[in-house]
Amino acid sequence: MNTLAAVITLLKAQSNIAALVSTRVYGVDFPGNKDSFPLIVVTRVGGDSDPIIPVSHHRFDIRCLGKTQPEANSVYDALRVLHGQTGLSVGGYSFVSLRESTGPMDLQEPVTDSESWDCVFSTWEITIATA
2 MNTLAAVITL LKAQSNIAAL VSTRVYGVDF PGNKDSFPLI VVTRVGGDSD
52 PIIPVSHHRF DIRCLGKTQP EANSVYDALR VLHGQTGLSV GGYSFVSLRE
102 STGPMDLQEP VTDSESWDCV FSTWEITIAT A
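Using the working numbering, the first residue of the sequence shown is number 2, and each one after it goes up by one.
Next comes the structure, spelled out in structure tokens:
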């Protein structure tokens, strides 16, 4: 499991998020199907590892998508609960720090020239330790 997969697994394991999106938390495998809303898409946008201790610092863009802006905002509100949490772990990865660094931004994510999806965008700085 890589760090992107670990973040996706962590989000799927949160009961408040799962209550809204079920297992619809995606990375690069996002199916682009509006019939399966609401959902979350996670993209790794940067990061580095410590050469001495098994800790890595990452930036992830997280998009909460819904059929309506209020639905997208509800998913974001469930995600936002993770801000500042420590000590969570999944699959051999320990989440040392989860911090929202940018957002929320309400957006219309363009899909075609005539269609867009309601989205709440945020960027997170996540520090992860491996065993």
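Note that the Cβ used here is the ideal one computed from N, Cα and C, for glycine as well. All values reported here derive from a predicted model rather than from experimental measurement.
Item                                                                                                                         : Value
Bridge partners of L99, per DSSP?                                                                                            : I127
Please report the distance separating the alpha-carbon of T87 from that of D119.                                             : 30 Å
Taking the alpha carbon of E110 as the reference point, which residue from P32, F122, R100 has its own alpha carbon closest? : F122
Starting from the Cα of K68, find the closest Cα among G85, V46, G33, Y94 and give me that residue.                          : G33
Can you tell me whether A14 is buried or exposed, with buried defined as 16 or more other CB within 10 angstroms of its CB?  : exposed
Below 7 Å between beta carbons: does that hold for I63 and W125?                                                             : yes
Per the DSSP calculation, P52 is bridged to which residue(s)?                                                                : P52 is not bridged to any residue.
What first and last residue would you give for the beta strand (DSSP E) that runs through L89?                               : 89-91
Whole angstroms are fine: how far does the CA of T113 sit from the CA of G11?                                                : It is Leu, not Gly, that sits at residue 11 in the sequence shown. Answer to the nearest angstrom: the Cα atoms are 31 Å apart.
Does the beta-carbon of P55 have 16 or more other beta-carbons within 10 angstroms, so that it is buried, or is it exposed?  : exposed
Would you mind stating whether I18 and V43 have Cβ atoms separated by less than 7 Å?                                         : no
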